[in-house]
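The next block holds one structure in the form of structure tokens; read it before the comments.
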Amino acid sequence: MNRSKVFVALLHYPVLNRNHDIVTSSITSVDLHDIARSCRTYGVETFYCATPVEAQRMMVKKIILHWLEGRSLLDHPRIEAVKTVKVVATLEDAVEDITSSTGKKPFVAVTSARFADGMSDKEIREKIWSGDFDGGLLLVFGTGYGLAEEVVRKADIRVKALSCTDYNHLSVRSAVAIYLDRLLGIR
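Counting with my numbering, you get residues 137 to 323 for the letters of the sequence shown.
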């Protein structure tokens with residue numbers, strides 16, 4: 137079976153705050169570390185951390201460098217996980233990078249705890265495992281209170297929210313891990 141390539145993007149802009157204003161959220165090292173580990177575990181090609189704030193991008197590069205050098209490298213096998221991380225300014229930069237490396241534009245799938253409609257994880261899984269996403273699939277996750285509508289409108293696919301109770305407030309790193317297991321986990 138020829139599985140489609142899967143990529144993950146974590147957007148820090150444009151995202152919403154609790155008042156539904158468009159903002160730039162801050163990068164957290166725990167999101168980077170945990171999402172990178174999930175991506176490596178499930179065979180994601182690249183994990184894009186996207187922020188327009190140059191100081192934040194520099195911070196991510198420093199964190200990655202710390203994981204890849206010196207004593208940290210000897211004490212923790214993080215190198216395998218952080219090899220998947222790429223820092224970009226925008227979602228468009230991630231799409232451009234994928235297009236450049238694969239020769240085809242990826243399908244962009246956006247996630248949200250608010251999407252009652254959209255393509256189910258089961259449908260997406262079938263398409264991934266049958267190789268239907270010719271240019272790959274870029275799964276986009278938002279920080280803060282979710283992706284701004286302008287990102288959602290430009291996407292090829294809206295991924296139906298995870299089924300759960302009426303309380304649906306997972307951390308983004310938990311949501312990424314659950315989606316990756318549902319889409320890429322060996323069954």
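Yeah, the Cβ is synthetic: ideal placement off N, Cα and C, and Gly gets one too.
Computed from a predicted model, the values in this text were never measured in an experiment.
Arg261 and Met255 have their C-alpha atoms spaced approximately 10 Å apart. Between the region 172-190 and the region 302-318, the count of Cβ pairs shorter than 8 Å is three or higher; the stretches touch. Val144 carries a strand assignment under DSSP once its states are collapsed to helix, strand and coil.
Non-local beta-carbon contacts of Tyr281 in its own chain, meaning distances under 8 Å to residues more than five positions away in sequence, involve Val151, Leu152, Asn153, Arg154, His156 in chain order.
DSSP places Thr164 in the coil class of the three-state scheme, outside both helix and strand. Our two residues, Leu306 and Lys296, have alpha carbons roughly 15 Å apart in a direct line. When rounded, the separation of the alpha-carbon atoms in Asp229 and Lys141 is 18 Å.
Between the region 242-256 and the region 269-276 there are three or more inter-stretch CB-CB distances shorter than 8 Å, so the stretches are counted as touching.
Contact between Leu147 and Val287 holds, since their C-beta atoms are separated by about 7 Å, short of 8 Å. The continuous beta strand (DSSP E) containing Lys222 extends over residues 221-224. Counting only residues of its own chain and dropping the five nearest sequence neighbours on each side, Ile264 has a CB closer than 8 Å to the CB of Arg139, Ser140, Val142, Leu273, Leu319, Leu320. Ranked by how close their Cα comes to the Cα of Ser310, the residues Gly278, Ser162, Ser237 have Gly278 in first place.
Thr187 has its alpha-carbon roughly 6 Å from the corresponding atom of Tyr149.
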